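Peer 1: In this note's numbering, the protein residues as written are 15 to 165.
For glycine and all other residues, C-beta sits at the position ideal for the given N, C-alpha and C.
For clarity, every value in this text was computed on a predicted model and none was experimentally measured.
Below are the structure tokens for one structure; questions will follow.
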Ligand SMILES: Cc1cc2nc3c(=O)[nH]c(=O)nc-3n(C[C@H](O)[C@H](O)[C@H](O)COP(=O)(O)OP(=O)(O)OC[C@H]3O[C@@H](n4cnc5c(N)ncnc54)[C@H](O)[C@@H]3O)c2cc1C
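Here's what the structure looks like:
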């Protein structure tokens with residue numbers, strides 16, 4: 015594990031070094047503990063390169079709380095990629111997500127090329143996301159009652 019940075023209250027960006035062959039819309043089961051809790055926790059691929067993979071996760075309960083305490087170099091197990099993922103279905107594609115549900119959309123947008131992206135956040139729950147990493151001209155980040163500009 016290379017980075018585990020808090021990017022907003024209860025929201026973390028996790029980066030893991032290595033080559034992880036995941037297509038858009040797929041997820042990994044993450045585990046940084048021995049027996050308790052028994053199940054690994056699923057997180058969608060936020061982004062990936064040939065050198066690393068990243069995840070965006072909200073701290074909800076025990077599993078994500080344990081993940082949030084990880085420091086660079088701590089061991090972490092990833093199982094996957096899982097899920098069917100998705101392929102570009104047509105000429106014009108809209109990606110729509112809200113809250114931490116936007117996680118799988120960044121990598122999808124980068125791979126698909128030109129897409130329309132709509133992001134929604136509850137009032138007070140948006141976080142600083144570098145919108146410049148999204149394909150130029152594709153984003154329409156929305157929050158209730160107001161439109162956010164690009165960072
Ligand atoms: C395919 C997939 C992809 C996902 N991708 C992402 C992602 O990219 N980013 C992300 O942030 N999340 C993602 N999630 C959700 C994420 O996996 C869960 O938030 C995480 O597994 C929660 O684990 P936890 O141990 O932190 O919380 P848990 O302990 O499992 O608890 C989850 C919630 O339920 C509540 N709860 C727990 N036990 C009880 C109980 N007995 N009664 C009532 N409430 C209870 C907790 O208070 C908490 O609010 C994804 C889920 C799936 C299925």
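(1) Tell whether a beta-carbon distance below 8 Å holds between residue 72 and residue 24.
(2) Contact between the segment 59 to 78 and the segment 18 to 36: three or more CB pairs below 8 Å?
(3) Kindly examine ligand 1 and report whether one of its heavy atoms sits closer than 7 Å to the Cβ of residue 57.
(4) Tell me whether residue 79 sits in a helix, a strand or coil according to DSSP, three-state version.
(5) For residue 122, name the three-state secondary structure that DSSP assigns.
(6) Per DSSP, which residues does residue 55 bridge with? Please list them.
(7) Just to check, is the beta-carbon of residue 79 closer than 7 Å to a non-hydrogen atom of ligand 1?
(8) Do the segment 77 to 87 and the segment 116 to 123 make contact, defined as three or more Cβ pairs closer than 8 Å?
(9) Where DSSP assigns a beta bridge to residue 67, which residues make up the other side?
(10) Could you give the first and the last residue of the continuous beta strand (DSSP E) run that contains residue 95?
(11) Beta-carbon within less than 7 Å of residue 19's beta-carbon, same chain only, minus the 5 sequence neighbours each way: which residues are those?
(12) For residue 65, I'd like the list of residues in its chain whose CB is within less than 7 Å of its CB, leaving aside the five on either flank, ordered along the chain.
(13) Let's see if you can read the secondary structure: which residues bound the beta strand (DSSP E) around residue 19?
(14) Under 8 Å, do residue 45 and residue 78 count as touching if we go by C-beta distance?
(15) Does residue 93 pass the burial test, meaning 16 or more other C-beta atoms within 10 Å, or should it be called exposed?
(16) Given a cut-off of 8 Å, decide if residue 109 and residue 131 are closer than it, judged by their beta-carbon atoms.
Peer 2: This is what the structure gives:
(1) Taking the chain shown and counting its residues from 1, the one referred to as residue 72 is at position 58. Taking the chain shown and counting its residues from 1, the one referred to as residue 24 is at position 10. Going by C-beta atoms, residue 72 is nearer than 8 Å to residue 24.
(2) yes
(3) Translated into positions along the chain shown, residue 57 becomes position 43. Yes, Cβ of residue 57 sits closer than 7 Å to a heavy atom of ligand 1.
(4) For the purposes of this step, residue 79 is taken as residue 65 along the chain shown, with counting starting at 1. Helix at residue 79.
(5) Position 108 of the chain shown, counting from 1, holds the residue named residue 122. Residue 122: helix per DSSP, three-state reduction.
(6) On the chain shown, residue 55 is found 41 positions in, with the first residue counted as 1. Paired residue(s): 44.
(7) In the chain shown, counting from the first residue as 1, residue 79 sits at position 65. Checking the Cβ of residue 79 against ligand 1 gives yes.
(8) no
(9) Position 53 of the chain shown, counted from the first residue, corresponds to residue 67. 30 and 62.
(10) Here residue 95 refers to the residue found at position 81 when the chain shown is read from its first residue. That run of the beta strand (DSSP E) goes 91 to 96.
(11) In the chain shown, residue 19 corresponds to position 5, counting from 1. Contacts found: 26 and 27.
(12) Taking the first residue of the chain shown as position 1, residue 65 is located at position 51. Excluding positions up to five away in sequence, the list reads 31.
(13) Taking the chain shown and counting its residues from 1, the one referred to as residue 19 is at position 5. Residue 19 -> beta strand (DSSP E) spans 17 to 22.
(14) In the chain shown, counting from the first residue as 1, residue 45 sits at position 31. In the chain shown, counting from the first residue as 1, residue 78 sits at position 64. No, Cβ-Cβ distance for residue 45 and residue 78 is not below 8 Å.
(15) Mapped onto the chain shown, residue 93 falls at position 79. Exposed, by the Cβ-count rule.
(16) Along the chain shown, read from residue 1 onward, the residue named residue 131 stands at position 117. Along the chain shown, read from residue 1 onward, the residue named residue 109 stands at position 95. In contact: residue 131 and residue 109 (Cβ atoms closer than 8 Å).
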